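Using full-length UniProt numbering, the letters of the sequence shown map in sequence onto residues 1 to 356. Just below is one structure, and these are the notes that go with it.
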Amino acid sequence: MSLICLADFEAYAKENLPKATWEYYAAGADECYTRDDNLQGFRRIRLRPRMLRDVSVMDTKTTVLGEDISCPIAIAPTAFHCLAWSDGEMSTARAAEALKLLYVASTYATCSVEEISQAAPEGLRWFQLYVYRERKLSERLIRRVEALGFKALVLTVDVPYTGKRRTDIRNNFQLPPHLKVKNFEGVFEGHSGPDNYGVPLNTLDPSVSWKDICWLRSVTNLPIVIKGILTKEDAELAVVYGVQGIIVSNHGGRQLDGELATIDALSEIVEVVQGRIEVYLDGGIRTGSDVLKAIALGAKCVFLGRPIVWGLTYKGEEGVKGILQILTDEFRLSMALSGCRNISEVNRNLIHVAKL
Ligand code: FNR
């Protein structure tokens, strides 16, 4: 069998994963309007390619927070990779390392941060974090990832509560007993109350606010990236509070249904930020031209969520490499066909603005 585009991997995953696992990965909140609009948003945008620009030599290299990456495509934090492949996040980390791409490991990984680091010692990694009621819990995780050489913290800010995902409720979806949220091993021993995807229900702190950015700043010197910003107002606050980057994200449409597609949110955010910090985007990236559109509208890099677990399902590390290689190749081709030889040539002029 040969899989030639990300949609082929999606079809394979749907066919081969247990139903409840497929539905957990695929889920959006409520009616899934936002999940689906993330993809439609890219389809609404048209490109203005330039011709006769000698695209015989192409360069997709760029940087994130000063670190080199081979292409502006990275791996978003997603939970529970061991549901898709036996050594889960370790395979993900090896694939990212092999392609010289950034991997953001989730707090809700089914391998520990130590295992992930050992699997791919040379890989560039950031760590995704939530603020817990018990701040020491977050702090202990920070100390561990600092010691392991993770280069930044990604604070996810769109989950004061978990969105309502109907399929997970219908399936009573839970981590199977042989898998654990390994970063918390031993922490919740003996807990017997209600559970949220393997972690006690009230562990997340819904009172989290901008002042917690100051708290985070006070406990670490790592760069801080905020994930889950959708408006220029919050983007401006992120700059004021001194973070180094923001990921324009709606959590893959898994939180507030009806909020806007990330590609539609990007422009006003890029405009207000004016290059003071880096702006990234995730949500609905499925083809090389999606990447091109996001970079043209001002994202420094894009992140992939669900496609990574489709790759894992297909063939572990090889499958994730397949996903990343296909998307990188498609992006390079889209660049060439639009007359861009390197990332600095990918700019707003590529975007067709319809006259009303
Ligand atoms: C996520 N996402 C997520 N985000 C986060 O900050 N921490 C996490 O643990 C998870 N877990 C997670 C699990 C699954 C199954 C999905 C689909 C998503 C959100 C993720 O980082 C990202 O924002 C979206 O997945 C991007 O959209 P696409 O690429 O899936 O369309």
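Cβ coordinates follow ideal geometry from the N, Cα and C atoms, glycine included. Here the structure is a predicted model, which is why all the values come from computation and not from measurement.
- Here the region 278 to 292 lies against the region 317 to 332, with 3 or more beta-carbon pairs under 8 Å apart.
- If only uninterrupted alpha helix (DSSP H) runs of at least 4 residues are considered, those enclosed by the region 63 to 139 are 88 to 98 and 113 to 119.
- Counting only the Cα atoms, residue 191 lies some 43 Å from residue 71.
- Taking a 10 Å sphere around the C-beta of residue 63, we find fewer than 16 other C-beta atoms and assign the residue as exposed.
- Distances from the CB of residue 265 to the heavy atoms of ligand 1 are all 6 Å or more.
- Looking at the DSSP output, residue 326 bridges to nothing.
- Within the same chain, 20 and 24 come within 7 Å of residue 173 by CB-CB distance, once the 5 residues on both sides are set aside.
- Note that the region 309 to 325 touches the region 81 to 95; at least 3 beta-carbon pairs, one per stretch, sit closer than 8 Å.
- Under the three-state reduction of DSSP output, residue 191 falls in the coil class, being neither helix nor strand.
- Here residue 280 carries a strand assignment [DSSP, helix/strand/coil].
- For ligand 1, no non-hydrogen atom lies closer than 6 Å to the CB of residue 205.
- In the structure shown, residue 175 adopts coil according to DSSP, grouped into three states.
- Counting C-beta atoms within 10 angstroms of its own C-beta, residue 77 has 16 or more neighbours from the protein chains shown and is therefore classed as buried.
- As the crow flies, the alpha-carbon of residue 53 is around 6 Å from that of residue 339.
- By DSSP's assignment, residue 46 forms a beta bridge with 352.
- Here residue 236 has 272 as same chain residues with Cβ atoms under 6 Å from its own Cβ, once five neighbours each way along the sequence are excluded.
- For residue 303, the pairing in a beta bridge is given by DSSP as 74 and 282.
- For the pair of segments examined, the region 176 to 184 was found to touch the region 96 to 115: the number of CB pairs separated by less than 8 Å reaches three.
- Closer than 6 Å to some heavy atom of ligand 1: that does not describe the Cβ of residue 148.
- The beta carbon of residue 7 is closer than 8 Å to those of 286 in its chain, skipping five residues each way along the sequence.
- Cα atoms of residue 335 and residue 263: separation of roughly 18 Å, rounded to the nearest angstrom.
- Taking all protein chains in view, the Cβ of residue 165 is crowded by 16 or more other Cβ atoms within 10 Å, so the residue is classified as buried.
- At a cut-off of 6 Å, the beta-carbon of residue 252 counts as near ligand 1: some heavy atom of the ligand is closer than that.
- Residue state for residue 216 is assigned as helix, using DSSP reduced to three classes.
- Residue nearest to residue 197 within the set 279, 15 and 79 is 79 (criterion: CA-CA distance).
- In this structure, ligand 1 has a non-hydrogen atom nearer than 6 Å to the beta-carbon of residue 108.
- Per DSSP, residue 21 lies in no beta strand (DSSP E); the unbroken alpha helix (DSSP H) holding it starts and ends at 19 to 26.
- With distances taken between CA atoms, residue 175 lies nearest to 83 out of 35, 112 and 83.
- Residue 288: member of the alpha helix (DSSP H) spanning 288 to 296, first to last residue.
- For residue 269, the enclosing alpha helix (DSSP H) begins and ends at 262 to 273.
- Here DSSP, grouped into helix, strand and coil, assigns residue 202 to coil.
- Residue nearest to residue 200 within the set 61, 88, 302 and 133 is 133 (criterion: CA-CA distance).
- Between residue 277 and residue 232, the CB-CB gap reaches or exceeds 7 Å.
- The beta carbon of residue 349 is closer than 7 Å to those of 48 in its chain, skipping five residues each way along the sequence.
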